[in-house]
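Colleague:
2 protein chains.
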Amino acid sequence: MRVRLEDVARRAGVSPKTVSRVLNDEANVSDATRKRVTAAMEAMDYRPLSSARSLAGNRSFLVAMLYDNNDNPASTYLAEIQDGVLEACDAHRYNMMVRPLRMRGEDFVRRLDAVISDHHPDGIVLTPPITDYAPLLKRLRERQVPFASVSPVSRENNIGVAMDEQLAARTMVEHLLSLGHRRIAHVSGIADHGASRWRLAGYREAMAAAGLAEDPALVVQGAFTFASGVAAARQLFALKKRPTAVFAANDDMASGVMWVANERGMKVPQDVSVCGFDDIPLASQLWPALTTIRQPSREMGKVAALQLLEVLRGRGPGRLVEMPFSLEVRDSTAPPP
Amino acid sequence: MRVRLEDVARRAGVSPKTVSRVLNDEANVSDATRKRVTAAMEAMDYRPLSSARSLAGNRSFLVAMLYDNNDNPASTYLAEIQDGVLEACDAHRYNMMVRPLRMRGEDFVRRLDAVISDHHPDGIVLTPPITDYAPLLKRLRERQVPFASVSPVSRENNIGVAMDEQLAARTMVEHLLSLGHRRIAHVSGIADHGASRWRLAGYREAMAAAGLAEDPALVVQGAFTFASGVAAARQLFALKKRPTAVFAANDDMASGVMWVANERGMKVPQDVSVCGFDDIPLASQLWPALTTIRQPSREMGKVAALQLLEVLRGRGPGRLVEMPFSLEVRDSTAPPP
DNA sequence: GACACAATTGACAGCGCTGTCAATTTGCGG
DNA sequence: CCGCAAATTGACAGCGCTGTCAATTGTGTC
């Protein structure tokens, strides 16, 4: 019925163990033998049974992608990362599973433990914001589960992928400054997310470099959601001295800002400029199209997974790869009125 | 080190086979024994090793969710379905894997075969548009892999979840009619998708019921993408006799229509009403907020998976569950000018 | 209270693969 | 050509669980 490793061995005239070695790409197999075995595998369309490989070899060929579904309900950003991770796993015949992991609650680490005990992933891909929660990282290290991160806060001792978000944010604010804006507001994200901190830092850096003192009223706390962008904008536009430009820490919040501008009859970008960060599809679908920072999410997921796979396959230590960003100037930013 | 089934058996004073029976929730175990075994499992925090269960029991505890990544790059709709499927699988301790499966190309069925041979999913959840491709369904039946579908075209012989999309579309058009619109355009989706056919049929049904002859110029073919909505709207708004309302077959296309309206200086809804279908988050983020049909995607994913799991667990035959829709009247529709 | 029958439990082999370690072959220096 | 180390190959057990089927215990009947 099913072709087993033993059948391949018989056909190639070698022992099962040798076929196993070829299957796992191990060293110390002569070229001639390897070729013969590979040919037999192909001829018989051999498909190794992963449960048997896992049981005997004590590994799962499984990569788990963890995400926080508390602040990220079905976000486009995560969907893109997932797509990239999946592509990388496929390329190396690893399976991928996605695991939501609510970050609130004390039993957070216990739930991580359960995931590991239940599924025994060979490695884990961490996505923001669970890239930097110390107890979690500690537990992963104790349990010796290799992991790679997408946009971790700390670059020390971490593999995966990162982007210079602070520089990106600074670049965005410099774009606004170059248009002539001086009263530039910032809607930040959830305070303890690395993304929020970097983007806020970039904003401050650019403002300071331009010799502008920070006006605390112009920095409003958001939560990366559309609704929080709406709330922040209501607050900003109620100011006596309104900002002429608003830089939101992500596109969803920027769309909330634009929504409120519309609501109040303010024209974007004539009356107020608005810009975001991430370049999710929404950014191009808004009117006017949103000026934002393009972050190659899909590629980042792929690269992070590849670093992890390098470790899992014993090919190297993996590294933290820096990805480029780009400023996408569209129609939501213009000189101040 | 690791707690095995055998360890639990020893502690409970029964044979391993009996523990196995309890683990698999089989009949013919006395209540007393079951209780004792369950207690031992809990006390020892026993975690069955799924690779061993799979190998010995010849099943994988895996549900694969298939989607077409050709026309659906990282869509919100799929992300929501996935979330629901995942929840259902978790509840029954099944694993979920997501598999993109490009529908173009001849080797489509061969690639499906590869997925089955490589991963041996116990069952499959099919998402639009791959719910009704005959060769694929045939192969699944040949291979005896149970499957459930989300919004299949054919309701015969299918389990999963469906919505009366035709009625929903008709309801939407009736909403436009009741506002006083008569020249109502429709931007349809990819022709051979069930969703396109139903939504178009609902449009026609409502128009006919209102005694309006169909104007072929008012029905434009789209492809479910923002760009195709833009293209369709350019065509519609170039007409001498422009429509006063446009019903797009999904929200992404509707946002394209609104974009073009903005581009041409037409006010929505004063100059033209626009509405969509699906109620993805985008719908509420647009200005004006989009009138649309709410489709409970997440819930639908969950329900479809539950039907499949009912079959996998030998609990019943599963059925095709009908989900309710709702018309979300927001700010993009109003009486004609 | 004995008997037939059903319900419950257990013994044992084996799922398909890989780790361990021993056996064999190959390559190389002298 | 021989001897030795390195490279290559194979034998075998066993990973943790479940299917099969036999043994045991419980239940109802007359």
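First to last, the sequence lines map onto chains A and B.
Take the first sequence: its position 180, counting from 1, is numbered 180 in my numbering, and each next residue is one higher.
Offset between the second sequence (1-based) and my numbering: plus 337.
Glycine is no exception: its CB is placed at the ideal position from the N, C-alpha and C atoms.
Here the structure is a predicted model, which is why all the values come from computation and not from measurement.
Under 8 Å, with one C-beta from each stretch per pair, do the region 260 to 276 of chain A and the region 393 to 406 of chain B reach the 3-pair mark?
Modeller: Short answer: they don't touch.
Colleague: Since Arg667/B meets chain A, which of its residues come closer than 7 Å, beta carbon to beta carbon?
Modeller: Here residue 667/B refers to the residue found at position 330 when the second sequence is read from its first residue. Going along chain A, no residue has its Cβ under 7 Å from Arg667/B, so there is no contact; the nearest lies around 12 Å.
Colleague: Can you find a C-beta in chain B that's less than 7 Å from the C-beta of Trp198/A?
Modeller: To locate residue 198/A, count along the first sequence from 1; it is residue 198. No, Trp198/A does not count as interfacial toward chain B.
Colleague: Of all Cβ atoms in chain B, is any one closer than 7 Å to the Cβ of Asn24/A?
Modeller: The residue labelled residue 24/A in the question sits at position 24 within the first sequence. It does not; no Cβ of chain B falls within 7 Å.
Colleague: Which same chain residues end up closer than 8 Å to Val605/B when comparing Cβ atoms and leaving out the 5 residues on each side of it in sequence?
Modeller: Indexing the second sequence from 1 puts residue 605/B at position 268. So the qualifying residues of the chain are Met595, Ala598, Asn599, Val611, Pro625 and Ser669.
Colleague: Give the DSSP-derived three-state secondary structure of Ala505/B in the structure shown.
Modeller: As a first step, residue 505/B is located in the second sequence; it is residue number 168 there, counting from the start. If DSSP states are grouped into helix, strand and coil, Ala505/B belongs with the helices.
Colleague: Should Ser412/B go down as buried or exposed, given a rule of 16 or more other Cβ atoms within 10 Å for buried?
Modeller: As a position in the second sequence, residue 412/B is number 75, starting the count at 1. Buried: at least 16 other Cβ atoms inside 10 Å.
Colleague: Quick check: is the beta carbon of Leu290/A nearer than 7 Å to any beta carbon in chain B?
Modeller: Walking along the first sequence from the start, residue 290/A turns up at place 290. No - not a single Cβ of chain B is within 7 Å of the one on Leu290/A.
Colleague: Could you give the residue range of the alpha helix (DSSP H) that holds Met323/A?
Modeller: Taking the first sequence and counting its residues from 1, the one referred to as residue 323/A is at position 323. That residue, Met323/A, is in no alpha helix (DSSP H); its beta strand (DSSP E) goes Leu320 to Met323.
Colleague: Check whether the Cβ atoms of Asn495/B and Leu657/B lie closer than 7 Å to each other.
Modeller: On the second sequence, residue 495/B is found 158 positions in, with the first residue counted as 1. On the second sequence, residue 657/B is found 320 positions in, with the first residue counted as 1. Result yes, Cβ atoms of Asn495/B and Leu657/B sit closer than 7 Å.
Colleague: Determine, using beta-carbon pairs with one atom in the region 418 to 437 of chain B and one in the region 449 to 464 of chain B, whether at least three such pairs fall under 8 Å.
Modeller: A contact exists between the region 418 to 437 of chain B and the region 449 to 464 of chain B.
Colleague: May I have a chain-ordered list of the beta strand (DSSP E) segments no shorter than 3 residues that lie completely inside the region 263 to 335 of chain A?
Modeller: The qualifying runs are 273 to 275, 292 to 294, 320 to 323 and 326 to 328.
Colleague: Using a Cβ-Cβ cut-off of 7 Å, state whether Leu320/A counts as contacting chain B.
Modeller: In the first sequence, counting from the first residue as 1, residue 320/A sits at position 320. So no, Leu320/A is outside the interface.
Colleague: When DSSP labels each residue in this structure, what does Tyr414/B get in the three-state scheme?
Modeller: Numbered from 1 along the second sequence, position 77 holds the residue referred to as residue 414/B. Looking at Tyr414/B - three-state DSSP - the assignment turns out to be helix.
Colleague: Compute the beta-carbon to beta-carbon distance between Gly517/B and Pro672/B, rounded to the nearest angstrom, for a pair I have assumed lies under 8 Å.
Modeller: Residue 517/B sits at position 180 when you count from the first residue of the second sequence. Residue 672/B sits at position 335 when you count from the first residue of the second sequence. Indeed they touch by this definition, with Cβ atoms about 5 Å apart.
Colleague: By how many angstroms is the C-alpha of Ile527/B removed from the C-alpha of Gly559/B?
Modeller: One-based indexing of the second sequence puts residue 559/B at position 222. One-based indexing of the second sequence puts residue 527/B at position 190. Straight-line Cα distance between these residues: approximately 6 Å.
Colleague: What do you reckon, are the CB atoms on Tyr67/A and Ser297/A nearer than 7 Å?
Modeller: Here residue 67/A corresponds to residue number 67 of the first sequence, with the count starting at 1. Here residue 297/A corresponds to residue number 297 of the first sequence, with the count starting at 1. Result no, Cβ atoms of Tyr67/A and Ser297/A do not sit closer than 7 Å.
Colleague: Expressed to the nearest angstrom, what Euclidean distance is found between the alpha-carbon atoms of Ser188/A and Val303/A?
Modeller: Here residue 188/A refers to the residue found at position 188 when the first sequence is read from its first residue. Here residue 303/A refers to the residue found at position 303 when the first sequence is read from its first residue. Ser188/A and Val303/A: Cα-Cα distance of roughly 27 Å.
Colleague: Provide the residue span of the alpha helix (DSSP H) that contains Pro48/A, from first to last.
Modeller: Within the first sequence, residue 48/A is the residue found at index 48, counting from 1. Here Pro48/A belongs to no alpha helix (DSSP H), and DSSP marks it neither H nor E.
Colleague: From the beta carbon of Phe574/B, is the nearest beta carbon of chain A less than 7 Å away?
Modeller: Counting from 1 along the second sequence, the entry for residue 574/B is found at position 237. Taking Cβ atoms only, chain A never reaches closer than 7 Å to Phe574/B, which makes this a no.
Colleague: DSSP puts Val63/A in a beta bridge; with which residues?
Modeller: Mapped onto the first sequence, residue 63/A falls at position 63. The partner list for Val63/A (beta bridge, DSSP) reads Met96/A and Gly123/A.
Colleague: Can you grab the Cα-Cα spacing for the pair Leu473/B / Val150/A, in whole Å?
Modeller: As a position in the second sequence, residue 473/B is number 136, starting the count at 1. As a position in the first sequence, residue 150/A is number 150, starting the count at 1. Distance between the alpha carbons of Leu473/B and Val150/A: 36 Å.
Colleague: Is any beta-carbon of chain A found at less than 7 Å from that of Ser391/B?
Modeller: What you label residue 391/B is simply residue 54 of the second sequence in a count that begins at 1. True, the Cβ-Cβ gap to chain A drops below 7 Å.
Colleague: Between Cys426/B and Ala642/B, what straight-line distance do the alpha-carbon atoms span, to the nearest angstrom?
Modeller: Here the question's residue 426/B lines up with position 89 in the second sequence. Here the question's residue 642/B lines up with position 305 in the second sequence. Those two C-alpha atoms are separated by around 7 Å.
Colleague: Verify the contact flag: Glu647/B, CB atom, against every heavy atom of the ligand FAD, threshold strictly below 6 Å.
Modeller: Absence of the ligand FAD is noted for the structure shown, with no ligands found whatsoever.
Colleague: Any C-beta of chain A sitting closer than 7 Å to the C-beta of Ser454/B?
Modeller: The residue you call residue 454/B lines up with position 117 of the second sequence. It does: the Cβ of Ser454/B has a partner Cβ on chain A nearer than 7 Å.
Colleague: Just to confirm before moving on: does the CB-CB distance between Val153/A and Gly202/A stay below 7 Å?
Modeller: Within the first sequence, residue 153/A is the residue found at index 153, counting from 1. Within the first sequence, residue 202/A is the residue found at index 202, counting from 1. Cβ atoms of Val153/A and Gly202/A: not closer than 7 Å.
Colleague: Sort Ser117/A, Arg330/A, Pro281/A and Ser30/A by Cα distance to Arg286/B and report the nearest one.
Modeller: Because chain B in this structure spans residues 338 to 674, residue 286/B falls outside the shown range and cannot be described.
Colleague: Does any residue of chain A bring its CB to less than 7 Å from the CB of Phe563/B?
Modeller: Against the second sequence, residue 563/B aligns to sequence position 226. It does; some Cβ of chain A falls within 7 Å.
Colleague: Whole angstroms is fine: what's the gap from Ala401/B's alpha carbon to Leu646/B's?
Modeller: Here residue 401/B corresponds to residue number 64 of the second sequence, with the count starting at 1. Here residue 646/B corresponds to residue number 309 of the second sequence, with the count starting at 1. Distance between the alpha carbons of Ala401/B and Leu646/B is about 12 Å.
Colleague: For a test of the three-state rule: what should DSSP assign to Val490/B, helix, strand or coil?
Modeller: On the second sequence, position 153 is the one that residue 490/B refers to. Coil, per DSSP.
Colleague: Output the distance between the C-alpha atoms of Pro337/A and Gln270/A, rounded to the nearest integer angstrom.
Modeller: The residue given as residue 337/A occupies position 337 in the first sequence. The residue given as residue 270/A occupies position 270 in the first sequence. Straight-line Cα distance between these residues: approximately 6 Å.
Colleague: Give me, in chain order, the residues of the same chain whose beta-carbon lies closer than 6 Å to that of Ala505/B; leave out the 5 immediate sequence neighbours on both sides.
Modeller: Translated into the one-based positions of the second sequence, residue 505/B becomes position 168. Here the set comprises Ile630 and Phe662.
Colleague: From the DSSP output, in three-state form, read off Ala191/A for me.
Modeller: As a position in the first sequence, residue 191/A is number 191, starting the count at 1. Ala191/A falls in the coil class under three-state DSSP.
Colleague: How long is the line joining the alpha carbons of Ala389/B and Val359/B, rounded to whole angstroms?
Modeller: Locating residue 389/B in the second sequence gives position 52, where the first residue counts as 1. Locating residue 359/B in the second sequence gives position 22, where the first residue counts as 1. Taking the straight line joining both Cα atoms gives about 16 Å.
Colleague: Quick check: is the beta carbon of Gly619/B nearer than 7 Å to any beta carbon in chain A?
Modeller: For the purposes of this step, residue 619/B is taken as the residue at position 282 of the second sequence. It is Leu, not Gly, that sits at residue 619/B in the sequence shown. So, interface residue.
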